[in-house]
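Each residue of the sequence shown is one higher than the one before, counting from 15 in the working numbering.
The C-beta atom is built at its ideal place from N, Cα and C for all residues, glycine as well.
Please read these numbers as outputs of a predicted model, since none were measured by experiment.
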Amino acid sequence: MTDLANQLASSSSTHSHTAESPAPPVADLRNITKSYFKPDGTVMVKALAGIDLTISKGEYLAIMGASGSGKSTLMNILGCLDRPTTGVYQLDGLNVASADDETLSKIRGEKIGFVFQAFNLIPAMTVLENIEVPLFYQEVHRHERLERSKEKLKLVGLADRMDRRPSELSGGQQQRAAIARALVTDPAIILADEPTGNLDTATGEAILQIFDEFHNRGLTIIMVTHEDNVAERCQRIVTLKDGLVESDHPVQNSKDDIDTYTTKK
Numbered sequence: 015m016t017d018l019a020n021q022l023a024s025s026s027s028t029h030s031h032t033a034e035s036p037a038p039p040v041a042d043l044r045n046i047t048k049s050y051f052k053p054d055g056t057v058m059v060k061a062l063a064g065i066d067l068t069i070s071k072g073e074y075l076a077i078m079g080a081s082g083s084g085k086s087t088l089m090n091i092l093g094c095l096d097r098p099t100t101g102v103y104q105l106d107g108l109n110v111a112s113a114d115d116e117t118l119s120k121i122r123g124e125k126i127g128f129v130f131q132a133f134n135l136i137p138a139m140t141v142l143e144n145i146e147v148p149l150f151y152q153e154v155h156r157h158e159r160l161e162r163s164k165e166k167l168k169l170v171g172l173a174d175r176m177d178r179r180p181s182e183l184s185g186g187q188q189q190r191a192a193i194a195r196a197l198v199t200d201p202a203i204i205l206a207d208e209p210t211g212n213l214d215t216a217t218g219e220a221i222l223q224i225f226d227e228f229h230n231r232g233l234t235i236i237m238v239t240h241e242d243n244v245a246e247r248c249q250r251i252v253t254l255k256d257g258l259v260e261s262d263h264p265v266q267n268s269k270d271d272i273d274t275y276t277t278k279k
């Protein structure tokens, strides 16, 4: 077993910290670069040119930037979908920058909940079965899978839709299901990529209220967006330009004190 695999196996026993030893950041990136190379080995694109970023547990962070700024590449690295070319990335106390594919897959399944613009629900499965999928791959017992999946669907207001197929749901309901799926593993962070991009204004607002509520419960959320009104709901906005952090600042009058979202059937 590799050193990283040992870290991952023992991480659940090291989550608690004493008052004298504050918890480390949930994500800590140091001098992260990402280059894409031509077949002859020369650099074709340097997507990230040296990113330093620390994300605290329970933080609500927006990542912004124009096309080509590096935000998609950064999202992929944060989500352990890709590795940096150089640099150090600590995720929930694990050094993941040089992890092998098998270990990265395990980390993604246990530490990160993904919410995408396109929902990515499996059409042939019921809503409940879709929520169960991440737990199935973690070999969680069937009874526990069902209980945890039903609990998350209730939290997002879909307790009466669990036996439906995705095609029988509205866009907003499908995104709620996707959020429940992201939450079911109790991840260290939720990584949301343009989660309201395919929704109308009113439905998008309802989805953002769900994110606000889960942030109020202490969840760490990283929101990739190009919309100012979405970013301004967060505590902090990080803007990228040419593969570097152009600005990093707190949000004035963010949605920290937003009213609790009330689910509707």
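State the Cα-Cα distance for the pair Leu108 and His229, rounded to the nearest angstrom. Looking up residue 108 in the sequence shown gives position 94. Looking up residue 229 in the sequence shown gives position 215. Going from the Cα of Leu108 to the Cα of His229 covers about 23 Å.
Please list the terminal residues of the continuous beta strand (DSSP E) segment that includes Asp66. Walking along the sequence shown from the start, residue 66 turns up at place 52. It spans Val57 to Ile69 - the beta strand (DSSP E) in which Asp66 sits, taken as one unbroken run.
Could you work out which residue in Glu182, Glu158 and Thr100 is closest to Ile46 when comparing CA atoms only? As a working note, residue 46 is residue 32 in the sequence shown. Minimum Cα distance to Ile46 is reached at Thr100.
At 4 residues or longer, and completely inside the segment 188 to 236: list those alpha helix (DSSP H) runs for me, N to C. 215 to 230
Per DSSP, what kind of secondary structure is Lys48 in: helix, strand or coil? Taking the first residue of the sequence shown as 1, we reach residue 48 at position 34. Lys48 falls in the strand class under three-state DSSP.
On the DSSP bridge list, what partners appear for Tyr151? Taking the first residue of the sequence shown as position 1, residue 151 is located at position 137. Per DSSP, none; premise fails for Tyr151.
Output yes or no for whether 8 Å exceeds the beta carbon distance between Ile193 and Ile236. By 1-based counting over the sequence shown, the position of residue 193 is 179. By 1-based counting over the sequence shown, the position of residue 236 is 222. In this structure, Ile236 does not lie closer than 8 Å to Ile193 by Cβ.
Relative to the alpha-carbon of Val198, which residue among Asp66, Glu158, His263 and Gln131 has its alpha-carbon at the smallest distance? For the purposes of this step, residue 198 is taken as the residue at position 184 of the sequence shown. Among Asp66, Glu158, His263 and Gln131, the Cα nearest to that of Val198 is on Glu158.
Segment limits, beta strand (DSSP E) that includes Gly127: Locating residue 127 in the sequence shown gives position 113, where the first residue counts as 1. Element bounds for Gly127: Ile126 to Phe130.
Endpoints, the beta strand (DSSP E) within which Met89 is located: Here the question's residue 89 lines up with position 75 in the sequence shown. Where Met89 is concerned, there is no enclosing beta strand (DSSP E), although the alpha helix (DSSP H) it sits in stretches over Lys85 to Leu92.
Assign Tyr103 to one of two classes, buried (16 or more other C-beta atoms within 10 Å of its C-beta) or exposed (fewer than that). The residue given as residue 103 occupies position 89 in the sequence shown. Buried, because 16 or more other Cβ atoms sit within 10 Å of the Cβ of Tyr103.
Can you name the residues that DSSP bridges to Ile121? The sequence position of residue 121 within the sequence shown is 107, counting from 1. The partner list for Ile121 (beta bridge, DSSP) is empty, contrary to what the question assumes.
Using the Cα positions of Val265 and Pro209, report the straight-line distance between them to the nearest angstrom. Stepping through the sequence shown from its first residue, residue 265 is reached at position 251. Stepping through the sequence shown from its first residue, residue 209 is reached at position 195. Looking at the two C-alpha atoms, the distance is approximately 20 Å.
Of all the CB atoms in chain B, is at least one closer than 8 Å to the CB of Asn45? The displayed structure is made up of one protein chain only, and chain B is not part of it.
Tell me where the alpha helix (DSSP H) around Glu158 begins and ends. Stepping through the sequence shown from its first residue, residue 158 is reached at position 144. Segment Arg156 to Leu169, the alpha helix (DSSP H) holding Glu158.
Between the Cα of Lys255 and the Cα atoms of Leu62, Leu169 and Leu43, which residue gives the shortest distance? The residue labelled residue 255 in the question sits at position 241 within the sequence shown. Closest in alpha carbon position to Lys255, among Leu62, Leu169 and Leu43, is Leu62.
Check each candidate in Val147, Tyr74 and Ser119 and name the one with the smallest Cα separation from Glu227. Mapped onto the sequence shown, residue 227 falls at position 213. Among Val147, Tyr74 and Ser119, the Cα nearest to that of Glu227 belongs to Tyr74.
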